[in-house]
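Just so you know, we're using this note's numbering here: the sequence shown kicks off at 109 and counts up by one.
Ideal Cβ placement from N, Cα and C applies to all residues, glycine included.
On a predicted model such as this, the values are computed, not experimentally measured, just so you know.
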Amino acid sequence: MIAFAVASPTLAQSAPDDAKVALAKDILKVTGVRENMTEMVDSLLPSMLAFITKSKPNLGADVLDRFKALTRKNMIATIPEFLNQDARIWARHFSKDELKQIDQFYRSKAGRDLVAKMPKVRQQTMPMADNWGRAEGAEAMKAAIKQLRKEGVKI
109 MIAFAVASPT LAQSAPDDAK VALAKDILKV TGVRENMTEM VDSLLPSMLA
159 FITKSKPNLG ADVLDRFKAL TRKNMIATIP EFLNQDARIW ARHFSKDELK
209 QIDQFYRSKA GRDLVAKMPK VRQQTMPMAD NWGRAEGAEA MKAAIKQLRK
259 EGVKI
């Protein structure tokens, strides 16, 4: 079993240094990942309600309110485990020194400003990114199809 664990990069990577995991958890805390996850849950709830309303149109408002509250509670309850797994991933990708430097940055004025302003920046860039993806994706697909047809591929 020990030889297998040493020979398997997956198993060898599955147990990062506890000190690195702790540093990564600190970074996740300082950067507000828990709060971002909570906001994500809240942004997902309307589409979940729309889905349940479409599939079960006869549910009353009281049941839908209860469904929303229970769904939110259940999703929020899973955030700590998500954060634990996220910290382990960070710990596998960064050295202890790098994690310390990242932590120091996020505790600096510039780092705190980045964390504070990033939601607004993201909110403003997402529509632009969506438009870019749709427009440029369509153009890239047209160009690829044109090139493949030029090469004799029936597409």
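The stretch 188–201 makes no contact with the stretch 156–173: fewer than 3 CB pairs, one atom from each, lie closer than 8 Å. Counting only the Cα atoms, Arg242 lies some 12 Å from Met234.
At a cut-off of 4 residues, the continuous stretches assigned as alpha helix (DSSP H) that sit fully inside the stretch 144–207 are 169–185 and 187–201. Taking 8 Å as the cut-off, the beta carbon of Lys133 is found closer than this to the beta carbon of Leu191. Secondary structure at Ile210: helix, using DSSP grouped into helix, strand and coil. In terms of Cα proximity to Glu147, the closest of Ile263, Pro227 and Gln255 is Pro227.
By the criterion of at least three beta-carbon pairs nearer than 8 Å, the stretch 171–189 is not in contact with the stretch 214–221.
Going by DSSP, Lys137 is part of the alpha helix (DSSP H) stretching over Asp126 to Val138. Here Leu256 is exposed, its C-beta having fewer than 16 other C-beta atoms within 10 Å.
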